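Input: a single structure, listed below in structure tokens.
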Amino acid sequence: MIIVPEREISGLVSATDCFTAVEQVFAAMARKSAYNFPVIREAIGHADALYGFKSGFDRESLALGLKSGGFWPRNFEKALPNHQSTVFLFDADTGRCRAMVGGNLLTALRTAAASAVSIKYLARQDAKVLGIIGAGHQSVFQLRAALEQRPFEKIVGWNRHPQALSRLEAVAAERNIPFEAVNLDRLGAEADVIITIASSFAPILMANQVRPGTHLACMGTDTRGKQEVETDLVAAATVFTDETKQSVTIGEAQHAVGKGLLAAAEIVEIGAVINGDHPGRISATEITLFDGTGVGLQDLAVASAVVDLALAKGVAIKVDF
Ligand code: NAD
Numbered sequence: 617m618i619i620v621p622e623r624e625i626s627g628l629v630s631a632t633d634c635f636t637a638v639e640q641v642f643a644a645m646a647r648k649s650a651y652n653f654p655v656i657r658e659a660i661g662h663a664d665a666l667y668g669f670k671s672g673f674d675r676e677s678l679a680l681g682l683k684s685g686g687f688w689p690r691n692f693e694k695a696l697p698n699h700q701s702t703v704f705l706f707d708a709d710t711g712r713c714r715a716m717v718g719g720n721l722l723t724a725l726r727t728a729a730a731s732a733v734s735i736k737y738l739a740r741q742d743a744k745v746l747g748i749i750g751a752g753h754q755s756v757f758q759l760r761a762a763l764e765q766r767p768f769e770k771i772v773g774w775n776r777h778p779q780a781l782s783r784l785e786a787v788a789a790e791r792n793i794p795f796e797a798v799n800l801d802r803l804g805a806e807a808d809v810i811i812t813i814a815s816s817f818a819p820i821l822m823a824n825q826v827r828p829g830t831h832l833a834c835m836g837t838d839t840r841g842k843q844e845v846e847t848d849l850v851a852a853a854t855v856f857t858d859e860t861k862q863s864v865t866i867g868e869a870q871h872a873v874g875k876g877l878l879a880a881a882e883i884v885e886i887g888a889v890i891n892g893d894h895p896g897r898i899s900a901t902e903i904t905l906f907d908g909t910g911v912g913l914q915d916l917a918v919a920s921a922v923v924d925l926a927l928a929k930g931v932a933i934k935v936d937f
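Sequential numbering of the sequence shown, starting at 617, is according to the numbering used here.
Right, here's the structure in full:
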């Protein structure tokens, strides 16, 4: 069995590696050769923690396994990240445990890769201004990955506590792109692409704040009850997702579907666009919305890439098991 500890991940895998892995697995999902198993997520009644599993199997790459982990809100008292995860990969031919891979950085990279894939396939080619709502841990990864997809000339950001936007401003400065903290009206009026990556249980961005032709990557809603954009905005958009089953239950679309404003059958899995089976954006005035809920197969795809890289670079720890 191979172990790739968390400390090795940043030196092994790039955002580009993760983009490729996620793009491929979304395509395999749409071909129905990769599928996610039902998600388990439980409040365990200890340390206020939420704990669970995301798992699946890709018959094309033979990635089989699970990501185990969750949210420990009091970890900051111990100087540890609140989100903790580990990926376990199994040999699809024998069922033996193949690898254990640190999953914290990989979770951020695979989530950023998903919204970047949506920008590649759904944003207008002439998109110039990137808007970002949310300035927490994930936001920096989201921004870096998005900047690879279009030659953005300006970034506008909004966060509930504006002082946290400095971390996004620092990324913009690295790339010599102007950054401006704005209110939501200006963000919607200026941005061609908007990433939402907040942790909210009420809509932040309203339908009347968004221009025709905008692409939205809604990435923060990954739990029942969470919401980042008004349901009228979801209803007005062409909605794409990683997996429809999750989109209608734990994703941004859950509220519009619940109100009868959107039918599950209208939601397009982004893999269909990647495979050329759906045209994606069909007009310059259409609003496209990617509901990125986060699936286990993304975790398996990026962890498999890490294992291959760790073996190639000789940093995989091998143990008898
Ligand atoms: P974080 O705790 O580091 O940051 C949370 C952000 O949300 C901050 O910018 C905070 O100001 C903002 N926020 C909190 N409450 C808010 C409210 N009521 N209204 C508006 N903004 C509010 O979290 P993070 O690790 O950056 O994750 C952000 C979100 O992304 C979380 O909801 C997380 O569950 C989700 N997430 C999704 C995926 C996926 O695959 N889709 C993966 C990882 C995380």
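Built from N, CA and C at the ideal position, the CB exists for glycine as well.
Note that this is a predicted model, so its numbers are computed, not measured.
Rounded to whole angstroms, what is the Cα-Cα separation between L849 and E868?
11 Å
Nearest CA to the CA of V703: which residue from T857, G718, D858?
G718
Going by DSSP, what residue range makes up the beta strand (DSSP E) through N652?
650-652
Own chain residues within Cβ distance below 6 Å of I813, not counting five before or after:
G750, Q754, S755, Q758, M835, G836
Validate contact between the region 643-660 and the region 691-706 using beta carbons, cut 8 Å, 3 pairs:
no
Span of the beta strand (DSSP E) around V655
Looking at the DSSP string, V655 is not in any beta strand (DSSP E), and its letter there is neither H nor E.
Going by the CB atoms, is the gap between L925 and L705 shorter than 8 Å?
no
Would you report the Cα separation of A607 and G930, rounded to the nearest angstrom?
As displayed, the chain neither begins before 617 nor continues past 937, which places residue 607 out of reach and without an answer.
Do T904 and T576 have their beta-carbon atoms positioned less than 8 Å apart in this structure?
In the structure displayed, the chain extends from 617 to 937; residue 576 sits before or after that span and is not available.
Closest to P697 by CA distance: which of A679, L721, R714, K683 is it?
L721
Any heavy atom of the ligand NAD within a distance shorter than 7 Å of the CB on K770?
no
Can you list, in chain order, the residues of its chain whose CB lies under 7 Å from that of R714, leaving out five sequence neighbours each side?
M617, I618, L705, F706, D707
List the whole-angstrom C-beta distance separating A646 from D893, where the pair is believed to meet the contact cut-off of C-beta under 8 Å.
7 Å
Cβ-based burial, T710 [other Cβ within 10 Å; buried from 16]
exposed
May I have the straight-line CA-CA distance separating F768 from K744, to the nearest angstrom?
4 Å
So, with DSSP's three-state summary, where would you put H871?
helix
For the pair the region 631-643 and the region 730-742, tell me if three or more CB-CB distances fall below 8 Å.
yes
Classify Q843 as helix, strand or coil using the three-state DSSP reduction.
strand
May I have the straight-line CA-CA distance separating K736 from G874, to the nearest angstrom?
29 Å
When the distance is taken between beta carbons, is G686 closer than 8 Å to Y667?
yes
With DSSP as the reference, identify every bridge partner of H753, one or two as the case may be.
Looking at the DSSP assignment, H753 forms no beta bridge with any residue, so it has no partner.
E885 to V845, Cα distance in whole Å?
20 Å
Whole-angstrom Cβ separation of A631 and N891, contact assumed at under 8 Å?
No, A631 and N891 are not in contact; Cβ-Cβ is about 23 Å, not under 8 Å.
With distances taken from CA atoms, which of A739, A788, A807 is nearest P895?
A739
Proximity of V911 and D858 at Cβ, strictly below 8 Å:
yes
Proximity test, S684 beta-carbon vs the ligand NAD heavy atom, cut-off 7 Å:
no
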